[in-house]
Amino acid sequence: MRRMPGSMVAALPGWRAIVLPWALLGALSLPAQVDSLERVLAGLPQDTSRLPVLRALFHAEVFRRPARASMHAEAFAVLADAGGTAHQRAQAQAMLGQALYVRGDGLSALPHFQRSLATYRAEGLLGGSGMVQANIASILADARHWNEARTAYARALADLEQAGEHEWAAGVERELAQVLQVLGRHDSAALHYRRSAEALERHGMARHAHEILLDEAGALFRSGRTTEAVDRFRAVDSASVGVPAPLVLIRLLLRSGRWSLAHDQPADADSLLRRALRLAVDGGFVLERTLVHEALSDLEVALGRPDSALAQLRRFIQWNDTLDARSDAAAILALERRASDALSKAELEHRAAVIARQRTQLVLVGAAVLLLAAIAFALAFVLRRERRHRNALADRTHALEDALQAKGLLLREIHHRVKNNLQIVSGLLRAQLRAIRDPAARAPVRDGLDRIRSMSLIHQDLYQHDGVQGIEMAPYVERLAQGLRRSHAVDEDHVTIHLDVAPLWLDVDTAIPLGLVINELITNALKHAFPDGRKGRIEVSLHHQRDGLLLTVADDGVGLSEPLPGIVDGSGLVLVRTFAEKLKAEQLVRTGPGTTVQLRLHTPPHAP
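Just so you know, we're using our numbering here: the sequence shown kicks off at 467 and counts up by one.
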């Protein structure tokens, strides 16, 4: 049962974290206010007057920079032990424990929490003891000591309720229910889920209460009370109101299976998800079948079976494509019907015009004696006929526009298929990557994944838009850069990437090779420009020039060992040179300090 530091944060986003024995001072997290607090601290004497400022600094830094927060906690502890109150000494131990817990060292945090708990209890501070006891329970749950965690959560719940901390007690009660469910005590878990939800509703937190009621439905189902669980799920889930009971049961099975997977119960998850799949197949519920295949893929990954995971992923993509194809087919059919109706109407108008001309001839022959009246009538009729022709022409124009829109839908479907094929290739490469342990062998596979992501982003843009305007480069380059940062696990505080891309659109034949060039240059900088933990900055700019475009990728890293007149050799930069030649671009490399690569393209962008 993996948690964020503090089970309340994991359970109810936006709540006060129970890993703190006090409310987080969120406003102090801004760097400017941290600097102000440090200046205040520098002017204070070395006595207990520093404790409130150290405490505020700890709150501001603990989740952003836990190492610095640990230093503030240690300074707080020294002063509290020297001349502080028992309450302050308890706070100091809780702060030391929290700093370790946030950094993932729950076992080292446990003694600090226990010392803090002993002091809080000795002083009769039930609110503080309840919150610290909840932290201890979270550590025990992380270590899979479920019975000890259940006991600790129960004690924390009792202390918080006695102290009047009912909102915090509701969050702890949900954690207690989850532990009981892991232990197989589903009836007790359902009771605690219900109490937690009712407490949240009393405090105006209906959205969180509804989420907990869905957990209650899962516990009822696991206890064998299927009818009651289905009714509870339908009453809480707005998307399930009025739908058949088998469909609600499938959704309940899917949620329960995902819960079991998240709580390290793969056997239960497999049984629940397989049952949901059978019901979805028998009932012909395509959307639910798609979601079950996705959950089964996650289960196979957790079990370390990449081939089975990939098979489930293929089925997910297949059925997801079926959903998309049905939607697109319905839209195309509607457009075709509209176009057919418009053409039929235009044909009727044309026939009416022919008949009108024949009638005009008869009227002119029969009205020869009334020449002036006939001429006036003829002129009026001609004007009406011309108006009909204009209306018929407008109808044909609308029919052609509908046909063009249908063509656009077909083009989007093509790009959608290409994007999905690239996703399958990415899935195969990721499965292969998990099987490779040699870092040197993993690097080219990961680079290949980055290049496929670069092309997949372009086809995703073409699918989301009409594909006629081309590719808008600014958002595309931003998504590409962020994806590379995540792929190489580079922290933003370590290397910053600054983007300066003009609002321009490029056709597909230019955008794909240019995107691959940007991919290779940023990858090269992330891998080689900042060795040994060096911090730095990468700048990417793309702007109009007199007769084309200028691409610049620069870093302030260690630079090249020897400056070369063109693109240097390397597994990635050879691709840069290849795509630059395809784009007929001029190449320029400058080095020392840092490295700057420029490409000048003579192909002008086009306006959207």
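By construction, the Cβ of each residue, glycine as well, lies at the ideal position given by its N, Cα and C atoms.
This one's a predicted model, so the numbers in the text were calculated from it and none came from an experiment.
In chain order, what are the residue ranges of uninterrupted beta strand (DSSP E) at least 3 long that sit wholly in the segment 519 to 572?
none
Here's a check: name, in chain order, each residue in its chain whose Cβ is nearer than 7 Å to the Cβ of Pro1059, leaving out the five neighbours to either side.
Asp1022 and Gly1025
Nearest by alpha-carbon distance to Arg1003: which of Met537, Arg740 and Thr1062 is it?
Thr1062
Alpha-carbon spacing of Glu815 relative to His864, whole angstroms
15 Å
Compute the distance between the beta-carbons of Leu866 and Asp916, then report whether it is under 8 Å.
no
For His674: DSSP bridge partner residues
Its beta-bridge partners do not exist; DSSP assigns none.
Contact between the segment 631 to 649 and the segment 602 to 617: three or more CB pairs below 8 Å?
yes
Helix, strand or coil: which one does DSSP assign to Asp736?
helix
Quick check for students: name the residue ranges of the alpha helix (DSSP H) that lie wholly in the segment 995 to 1069, counting only runs of 4 or more.
1039 to 1048
Of all the options Asp730, Thr962, Pro997 and Ala822, which has the alpha carbon lying nearest to the alpha carbon of Arg610?
Asp730
Among the residues of its own chain, which have a CB less than 8 Å from the CB of Ala552, if the five just before and after it don't count?
Thr585, Ala588 and Glu589
Are Ala844 and Leu830 touching if we call contact CB-CB under 8 Å?
yes
What number of angstroms, rounded off, separates the C-alpha of Thr1057 from the C-alpha of Ser502?
40 Å
Quick one, which of Ile678, Arg781 and Glu852 has its alpha-carbon nearest Ile890's?
Arg781
Let me check understanding here. Comparing Cα to Cα, which of Leu837, Asp861, Ala860 and Arg823 lies closest to Arg851?
Arg823
With DSSP as the reference, label His960 as helix, strand or coil.
coil
Taking 8 Å as the cut-off, decide whether the C-beta atoms of Leu680 and Arg721 are in contact.
yes
Does DSSP classify Glu614 as helix, strand or coil?
helix
Roughly how many angstroms separate the alpha carbons of Arg691 and Ala768, rounded to a whole number?
29 Å
With DSSP collapsed to three states, give me the class of Asp1135.
In this structure the chain extends from 467 to 1074, so residue 1135 is not present and cannot be described.
Going by the DSSP bridge assignment, what does Leu972 pair with across the sheet?
Ile937
Give the straight-line distance between the Cα atoms of His964 and Glu1005, rounded to the nearest whole angstrom.
5 Å
Pair within 8 Å by beta-carbon distance, Gly550 and Leu517
yes
Assign Ser502 to one of three DSSP states: helix, strand, or coil.
helix
Do you know offhand how far Leu849's Cα is from Ala818's?
15 Å
Can you list, in chain order, the residues of its chain with a C-beta nearer than 6 Å to that of Trp612? Leave out the 5 residues immediately preceding and following it.
Val645, Val648 and Leu649
Excluding the five sequence neighbours on either side, which residues of its own chain have a C-beta within less than 6 Å of the C-beta of Ala742, listed in chain order?
Ile716, Leu719, Leu720 and Val758
Have a look at Arg555 and Leu545 and give me their C-alpha separation to the nearest angstrom.
9 Å
Could you work out which residue in Lys1001, Leu776, Ser1007 and Gly893 is closest to Asp966 when comparing CA atoms only?
Ser1007
Kindly list the residues whose CB is nearer than 7 Å to the CB of Leu738, restricted to its own chain and excluding five residues on each side of it in sequence; keep chain order.
Leu719, Ser722, Gly723 and Ser726
7 Å CB neighbourhood of Ala629 in its chain, flanking five on each side removed:
Leu592, Gly593 and Gly596
What does a CB cutoff of less than 6 Å around Val500 pick up in its chain, not counting 5 residues either side in sequence?
Ala526
Alpha-carbon spacing of Arg1043 relative to Thr976, whole angstroms:
15 Å
If you draw a straight line from the C-alpha of Leu1015 to the C-alpha of Glu1047, how long is it?
15 Å
In or out: His1068 buried (at least 16 other Cβ within 10 Å) or exposed?
exposed
If you scan the segment 719 to 765 from start to end, which runs of the beta strand (DSSP E) of 3 or more residues do you find wholly inside it?
none
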